[in-house]
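In my numbering, the protein residues as written are 245 to 562.
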């Protein structure tokens with residue numbers, strides 16, 4: 245007779261899926277793209293799927309008033325954070341000389357670790373103050389394909405971040421390698437090395453690391469395109485997502501990152517991106533996972549004093 249209501253406090257204790265979308269500026273590979281229309285299109289697909297996502301804005305995006313106003317007025321129940329990938333404009337506004345000698349995606353210019361410690365802090369301060377001037381608060385979540393430990397500690401202590409996205413281990417992809425972190429799973433980073441989980445929460449950075457594009461635990465070592473993002477290139481359909489979820493999403497503190505970079509159109513976002521977030525909704529409807537904002541997942545993990553999720557090793561029958 246009486247309808248059954250499930251409130252936030254009553255959500256099942258399940259593994260989590262965090263949808264993270266990276267919104268880069270025109271200098272970072274989007275010179276000819278209409279990034280405002282791209283944001284509108286990606287949001288339309290996200291909204292129609294009834295998904296709450298975490299959107300990381302690169303500095304040059306924060307200077308686009310149309311995009312910032314659209315995010316604030318139209319994108320309700322979303323989390324906004326900072327994408328700390330660097331272009332010439334960001335460095336100019338930070339009063340730092342840009343050091344990149346090649347394409348934008350080369351690590352000598354796009355990452356914070358290309359600059360010395362004082363420069364890194366000045367760049368970080370410029371990003372956080374710009375974000376606060378637009379949104380009225382400091383973000384809890386940041387991201388880039390790589391952020392060093394000293395930068396994470398600085399942002400946590402000064403601005404209160406709780407989570408950071410990095411690229412999952414990849415060998416010789418995008419012209420560089422990231423190698424040696426726990427395989428495609430979240431962890432609370434050491435203060436000394438962002439690749440490494442801390443020995444305990446008390447001496448940690450207090451920053452939860454999430455990893456973009458979880459790699460296949462068998463095939464991903466040889467070929468990083470066997471991943472939650474590039475599986476269609478390898479000829480798989482959505483059943484590959486179920487396979488990956490069955491490995492990485494077993495216990496309540498486990499996590500997988502879904503999402504996509506910007507620059508697409510409504511037509512392109514309607515293929516892979518719509519498929520992956522729809523698959524996330526399906527896993528949620530089957531009580532195999534719950535969709536969470538990154539800041540909420542990080543708060544949950546930190547409140548349990550965990551440095552690794554419950555599932556942090558993998559055994560194969562193959």
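Note that beta-carbon positions come from the ideal geometry of N, C-alpha and C, so glycine has one too.
C-alpha distance - residue 498 paired with residue 430, whole-angstrom precision: 8 Å
Below 6 Å CB to CB, which residues in the same chain sit around residue 424 once its five sequence neighbours on both sides are set aside? 439
Going along the chain, which residues of its own chain have a beta-carbon closer than 6 Å to the beta-carbon of residue 275, five neighbours each way excluded? none
Roughly how many angstroms separate the alpha carbons of residue 460 and residue 335, rounded to a whole number? 36 Å
From residue 488 to residue 533, what distance separates their C-alpha atoms? 13 Å
Alpha-carbon to alpha-carbon, residue 554 and residue 365: 34 Å
Check the C-beta distance from residue 434 over to residue 421 and give it rounded, since I have them as a contact under 8 Å. Going by Cβ atoms, the distance from residue 434 to residue 421 rounds to 20 Å, so no, they are not a contact pair.
Taking 8 Å as the cut-off, does the region 261-270 touch the region 293-302 (at least 3 CB pairs, one atom from each stretch)? yes
For residue 455 and residue 521, the rounded distance between their alpha carbons: 17 Å
With 16 other CB atoms within 10 Å as the buried threshold, where does residue 582 fall? Residue 582 falls outside the range modelled here, since the chain spans only 245 to 562, and no answer is possible.
What is the DSSP secondary structure of residue 352, reduced to helix, strand or coil? helix
Classification of residue 405 by the beta-carbon crowding that lies within 10 angstroms, buried from 16 upward: buried
Do residue 349 and residue 308 have their CB atoms nearer than 8 Å? no
Residue 322 to residue 436 span [Cα, whole Å]: 32 Å
With burial defined as no fewer than 16 other Cβ atoms inside 10 Å of the residue's Cβ, what is the status of residue 513: buried or exposed? buried
Under the three-state DSSP convention, the category residue 546 falls into: helix
Can you check whether the CB of residue 411 is closer than 8 Å to the CB of residue 451? no
Comparing C-alpha positions only, which one of 294, 289, 290 and 282 sits nearest to residue 311? 282
Whose C-beta lies closer than 6 Å to the C-beta of residue 457 among residues of the same chain, with five residues either side of it excluded? 412, 471, 472 and 473
Excluding the 5 residues flanking residue 510 on each side, which residues of the same chain have their C-beta closer than 6 Å to its C-beta? 285
In terms of residue numbering, what span does the alpha helix (DSSP H) encompassing residue 402 cover? 393-403
Rounded straight-line distance, which links the Cα of residue 399 to that of residue 449: 10 Å
Of the listed residues 372, 476, 361 and 393, nearest to residue 582 (C-alpha basis): No answer is possible for residue 582: it lies beyond the span of the chain, which begins at 245 and ends at 562.
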